[in-house]
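2 protein chains.
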Amino acid sequence: MKIGVKVLPRSEVLDSQGRAVEKTLAQHGKTVAACRVGKYVQLEIDAPTQEKALEQAREIASFVLYNPLIETFELEVVK
Amino acid sequence: MKIGVKVLPRSEVLDSQGRAVEKTLAQHGKTVAACRVGKYVQLEIDAPTQEKALEQAREIASFVLYNPLIETFELEVVK
Numbered sequence: 001m002k003i004g005v006k007v008l009p010r011s012e013v014l015d016s017q018g019r020a021v022e023k024t025l026a027q028h029g030k031t032v033a034a035c036r037v038g039k040y041v042q043l044e045i046d047a048p049t050q051e052k053a054l055e056q057a058r059e060i061a062s063f064v065l066y067n068p069l070i071e072t073f074e075l076e077v078v079k
Numbered sequence: 080m081k082i083g084v085k086v087l088p089r090s091e092v093l094d095s096q097g098r099a100v101e102k103t104l105a106q107h108g109k110t111v112a113a114c115r116v117g118k119y120v121q122l123e124i125d126a127p128t129q130e131k132a133l134e135q136a137r138e139i140a141s142f143v144l145y146n147p148l149i150e151t152f153e154l155e156v157v158k
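As you go down the protein sequences, you meet chains A and V in turn.
Start counting the first sequence at 1; every next residue gets the next number (this note's numbering).
Start counting the second sequence at 80; every next residue gets the next number (this note's numbering).
(1) Look up residue 105(V) in the DSSP assignment and say whether it is helix, strand or coil.
(2) Below 8 Å between beta carbons: does that hold for residue 23(A) and residue 139(V)?
(3) Can a CB atom of chain A be found closer than 8 Å to the CB of residue 121(V)?
(4) I need the straight-line Cα distance from residue 37(A) to residue 65(A), nearest angstrom please.
(5) Report yes or no: is there a C-beta of chain A within less than 8 Å of the C-beta of residue 92(V)?
(6) Assuming the contact rule is C-beta atoms closer than 8 Å, residue 135(V) and residue 157(V) should be a hit. Round their C-beta distance to whole Å, please.
(7) On the three-state DSSP scale, how would you describe residue 92(V)?
(8) Near residue 44(A), which residues of its chain fall below 6 Å by C-beta distance, leaving aside the five closest residues on each side in sequence?
Below, the structure is given as structure tokens:
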């Protein structure tokens, strides 16, 4: 089962990559209201049910994929 | 409107970050079948319709967010 982990910097944390993308876009006339840059990790997990896979993915995300002090994450089931 | 851009390395490209995560997890008894590490960018776009927002996001992604030689991307509407 494929589980996607979307990691984004918390809104109160300075997201320098996001600022850089915003600035570059603005300089080229492609303005966006906001931009945040994070990580996307796709895990392929062998689990009997979707719930078990999500549970394992949550555990793995908390273990190595994100820093709770500065980031948040969200899981999704990839079809 | 919030549009998420999920960027992943192409399957034929060596994904060293993914290999590193797999190895670390295996060393801690949390084996996954596969892992790919990419980027996640959340754009906030002012557009009259969802289609327009997706079109703009696609243009922005192709312009600065991904390298077609080694990466693929996918868009999603964030609720």
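Using N, Cα and C, we set each Cβ at its ideal position, and we do this for glycine too.
The structure displayed is predicted, hence computed values, not measured ones.
The answer reads as follows:
(1) Of the three classes helix, strand and coil, the one that applies to residue 105(V) here is helix, per DSSP.
(2) No Cβ-Cβ contact shorter than 8 Å links residue 23(A) with residue 139(V).
(3) Yes, residue 121(V) lies at the interface with chain A (some Cβ there is under 8 Å from its Cβ).
(4) 15 Å
(5) At least 8 Å separates the CB of residue 92(V) from every CB of chain A.
(6) The Cβ separation is near 14 Å, so there is no contact.
(7) DSSP places residue 92(V) in the coil class of the three-state scheme, outside both helix and strand.
(8) 2
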